[in-house]
Structures are given as C-alpha cells and as structure tokens.
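Residue numbers (numbering that gives the first Met the number 0): 0 to 414. Ideal placement from N, C-alpha and C gives every residue a C-beta, glycine not left out.
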Amino acid sequence: MTSDTATTNRPETARFQRKRELILDAAAAEINENGARGMTLADVAAVVGLNTTSVTYYFKRKEVLAAACYDRSLDRIEAIVATAERATDPRSRVRAYVEESFAQRARIRQGEEPHFTVLSDLRAMDGPERDALADRYRGLLRRIRGFFGATSDDRAKALLTARTHVLVETIFWLPGWVQHYATDEFPRLAGRMFELFDKGLAPQDAVWTPVRTLLAQDTPLEGPELARRSFLKAATRLINERGYRGASVDRIASELNVTKGSFYHHLDAKDELVVDCFAHSFETLSQAQRAADRAGGSQWERICSAIAMILDVQFSERGPLLRTTALQALPPRVRGAMVERSDHVARRFAGMMIDGISEGSVRAVDPLVASQTLVSMLNAAYELHNWADALAPADAIDLYASTLAFGLFDDRMLG
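This is the structure we're talking about:
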C-alpha cells in the first residue's frame, strides 16, 4: 500500500518540483531586473503561465519566494566552496574556488544552469527571511575565510578578513565584465585571476609607497554645494546598507533630518538620485587617478597612490562610494551608461598597468582582468568600514591594499 502510494505520488511530485523550479527561475530574473521589492507574484505568474493564486500554492508570500531564490543561489555557492575545501592548502583552495566559479559562469551562459539570483538585494529584505539568509551568508563567509587557515594573532585575523572580502567580492563582480569574453576563454581568465591573487600586482622587490594627496572633493564646500554633498553622502550610505529598494525617500530624509519635500528640491526622482550618487562616486575614482598621475613616480607608485586615496575615502567619514550592486535597480538604458563609466575607470587602471609592465614596475599581469579586480576591490571596501574603524587609518588602508598589491598569501604587512 505504501509502495503504491509512493509510486502514484512520484509523477505529481516531479511535476511539482519542475513547476517550482520554473517559478524560481522566473522570480530570479525579476529580482535581478527589479530587485526583491520590485518583484511581484503577478509578474512571476505571468512568465510561467499561472495565475497569482496558483503561485501562492508553491510560495505563500513574495518574501518567501524571494528567500527561496536566495537560498538556491547560496546552495550553488556552497557547492563550489565544498569543492574548494577539499584541496589541501590555501593556494589550492583559492585556485579551486576561482576555477569552479568561472566554470559555473560558463554553464550558466550555455544554458546548463539557471541564472543566479544576485545576492546584493538581499539587504533590502525585512523580517525573519532576511535574518535567516544573513546568518547563512555569514556562515558561508566563515567557510571561505577558512581557505586561508587559522590564526590567533589579531593583526593576522584582520588581514584574513580583508583577503576573504576581496576574494568573495571579486567573484561576485564577474557578471559585470565576463560578458565581453567567450566561454572557451574562461579557463584562461580563471588562471590569470588566480595568478593575480597568488602574486599580486607588484614585482618581487616592490615596496608599498603611496603618495596621499588632497583630492578635489576634500576641499571645503559652502551653501548649496555643501547641502547637496551631504545629501548624496547620506543617500549613498543608505543605499549601500539597505539596497536601492530599502533606501526609501522617507529613510533618506530622516537620515538628514529634512522633510520629504526637501528630497525633491534636490532631485526630481529616485532613479536620478542613484545616477547622481554613481556620478559622484565615479568622479571621485577619476580624481584619485588624476591626482596619482600628478604626484608622479613609477606607474607602480601611481597605482599605489590611487588605491590609497580611494581607500582613504571609503574608510572615512568622507565616503562612501556607491556600491556597484545598486546598478541592479536602474533601468537598463541608465544601467548600461553607469557600467560604461565603471569600465572607463577600469580601462584607465589597465593603461597604468600596461605602462608599468613596460617600464618594469608592475608584474606581467593580464591588465584587463587585474583592472576589473582592482575596481571591484576598491568599490567593495566600504563594506569593511567597521573593520577599518578598529585599526589606525593608514594601517587599514595598507592591510586592505596588500590583498592585490602583493597577493592573498603575502604576509609582509604583518610586520
């Protein structure tokens, strides 16, 4: 009897699972396009040919559906981490993590796996779903941190935190630039990225010698310009912490202790706010690059200076820069323009690297891979501002920068 029941239910269960996966695929696409808060059950239902009531048979609320999408992405990342954990030493684990991540991107491109639900909008969620997902994500980070081994030294622990963060954020940024390459190039890209993580940008005898000069954005402001700068800083911080959908106009106004009407005095719409925050962030990056060039020295020294100036902004009250994760919320046309601005910053870094390789001050790296990795590392730095607060400012900058300057396995910054 039990056997008959199991046999009878098996096709229905398989159909249920297939439909559930289709719903998750559709919801993931909606979240990636419009954010978790912008995703609706009605839109998902329309994609899979169901009505909204039918979707609630699988997922009672849209928050439950969004959480299931994030859980599925975390499942897939955990599978990569589990593969990497089987390697016997830190370098082999990081290599496996990078190679498996590129291989998975290739399978997604070829239609062999569904698209990831971008995790950046997880922070816009509320309630128990967010808490459970955040706990799971922190556990995942602890496992990746374990790639590098254990230490009891506080300074070494701080460096491990920076290494883990840069590794994770670099992989998360892959969709931002690998579309320019064919999938048969992915193994080479993975090799070049691991080489960068292994040995860094600097030649063996290079020294970390940044020139910390004053950026144009550090000059005193008054009146309307000061008010606008304060407004953009508050908005950028909230969007970074809560996501675009989670940073409501009311929250931004409350942060600045102004009325909602004051928001619209500064900007006509919320999309315009994100564009202005990005524009300010990209201009800060460009200012640092120009200031580093003016400071002179070898290309390696100029790269050091640009990195230090940008991290100084990210780790201080003058920051932050808007996270590229906010791109997800923008309309496709505007999003494309912002990605182009990011690519412009990366191309300038690539040019500095090419000139540095030519003069011998930068190690022979793939400048396109290295520049995108560097931009990702710099953009993600704000996430560690609490970590940086526990260190002397110059110390935080030096430790964090060492992850790409000298690689993820070099301990010279430990003294």
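- Considering only PHE196, ARG411 and HIS279, the residue with the shortest C-alpha distance to LYS232 is HIS279.
- About 7 Å separates the CB atoms of PHE408 and ASP197; that is less than 8 Å, so the two are in contact.
- Membership of LEU140 in the alpha helix (DSSP H) is indicated by the continuous run 126-144.
- For TRP299, the enclosing alpha helix (DSSP H) starts and ends at 298-313.
- Runs of the alpha helix (DSSP H) spanning 4 or more residues and lying entirely within the segment 44-123 occur at 51-57, 61-84 and 89-108, in chain order.
- Ranked by Cα distance from LEU200, the first of LEU413, ALA400, LEU132 and ALA27 is ALA400.
- Following the DSSP letters along the chain, one finds PHE185 inside the alpha helix (DSSP H) bounded by residues 185-198.
- Distance check between GLY335 and each of LEU373, PHE277 and ALA391 places PHE277 closest, using alpha-carbon atoms only.
- Each residue's CA atom was taken as its position, placing ARG135 and VAL312 some 30 Å apart.
- Check the Cα spacing between TRP299 and each of PRO89, ALA395, ASP354 and ALA45: the tightest is with ASP354.
- For GLN371, the enclosing alpha helix (DSSP H) stretches over residues 366-379.
- Excluding five sequence positions before and after GLU112, the CB atoms of its chain that fall closer than 8 Å to its own CB belong to ARG75, GLN103 and ARG106, given in chain order.
- Under the Cβ criterion (8 Å, minimum of three pairs), the segment 24-43 does not count as touching the segment 86-96.
- Rounded to the nearest angstrom, the gap between the Cα atoms of SER253 and SER315 is 22 Å.
- Between LEU140 and the set GLU77, PHE185 and ALA155, the nearest pair of CA atoms involves GLU77.
- Look at PHE408 here: in three-state DSSP terms it is coil, with no helix or strand label.
- When rounded, the separation of the alpha-carbon atoms in GLU128 and ASN385 is 24 Å.
- Residue nearest to GLU84 within the set MET351, LEU377, GLY148 and ASP183 is GLY148 (criterion: CA-CA distance).
- The Cβ atoms of LEU320 and THR283 sit closer than 8 Å to each other.
- The Cβ neighbour count for PRO366, taken over all protein chains shown within 10 Å, is at least 16; the residue is labelled buried.
- Annotated three-state conformation of THR323 is helix, per DSSP.
- With a cutoff of 8 Å on beta-carbon distance, VAL338 and LEU195 are scored as not near each other.
- No Cβ-Cβ contact shorter than 8 Å links ARG250 with ALA123.
- Nearest neighbour of ARG227 by Cα position, chosen from LEU272, ASP183 and LEU237, turns out to be LEU272.
- In the DSSP assignment, SER360 falls outside any alpha helix (DSSP H), carrying neither H nor E.
- Within the same chain, and ignoring the five residues on either side of MET351 in sequence, the residues whose Cβ sits closer than 7 Å to its Cβ are GLN298, ARG301 and ILE302.
- When only Cα atoms are considered, ASN378 and PHE405 end up about 19 Å apart.
- Between THR51 and ALA65 the beta-carbon gap is near 15 Å, outside 8 Å, which marks them as no contact.
- Listed in chain order, the non-local C-beta contacts of ALA67 below 7 Å within the same chain comprise LEU23 and PHE58, local neighbours out to five positions each way being set aside.
- Bounds of the alpha helix (DSSP H) holding ARG162 are 153-171.
- The closest CA to that of ILE79, considering only VAL97, VAL63, ASP70 and TYR69, is found on VAL97.
- If you look at ASP388, you'll find it in the alpha helix (DSSP H) that goes 384-388.
- The beta-carbon distance between SER72 and PHE15, rounded to whole angstroms, is 21 Å. This is too long to meet the 8 Å contact definition.
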